[in-house]
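>
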Amino acid sequence: MEKLLFSVKETAEMLYVNKNKVYDLIKQGKIGYIDLGTRKIPKTEIDRFIRENTMYM
Numbered sequence: 063m064e065k066l067l068f069s070v071k072e073t074a075e076m077l078y079v080n081k082n083k084v085y086d087l088i089k090q091g092k093i094g095y096i097d098l099g100t101r102k103i104p105k106t107e108i109d110r111f112i113r114e115n116t117m118y119m
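Position 48 of the sequence shown, counted from 1, bears residue number 110 in this note's numbering, the numbering being contiguous throughout.
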């Protein structure tokens, strides 16, 4: 079964940033999350963020 929800730490590792950057992106509304006692970021949100922020020269 494919993993669908990721912790802030796992998301930071996937995006090659630190956890504080992920919290900033959440506060700015750039990445959505689900509150299950801790913040969990859906894979669809991570994929969308990457897709919308990929730059081409």
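All C-beta atoms in this analysis are idealised placements derived from N, C-alpha and C, irrespective of residue type, glycine included.
Return the Cβ separation of Ile108 and Met76 in integer angstroms, given the expectation that the two are a contact with Cβ distance under 8 Å.
At roughly 6 Å, the Cβ-Cβ gap stays under 8 Å, so Ile108 and Met76 are in contact.
> Do Lys105 and Ser69 have their CB atoms nearer than 8 Å?
No, the pair does not count as a contact, with Cβ atoms beyond the cut-off.
> With a Cβ-Cβ cutoff of 8 Å, do Ile37 and Val79 count as a contact?
The shown model of the chain, from 63 to 119, leaves out residue 37, and the question about it has no answer.
> Using only CA atoms, which one of Arg113, Gln90, Lys71, Lys65 lies nearest to Thr100?
Considering only alpha carbons, the answer is Lys71.
> Along the chain, where does the beta strand (DSSP E) containing Leu67 start, and where does it finish?
Where Leu67 is concerned, the enclosing beta strand (DSSP E) stretches over 67-69.
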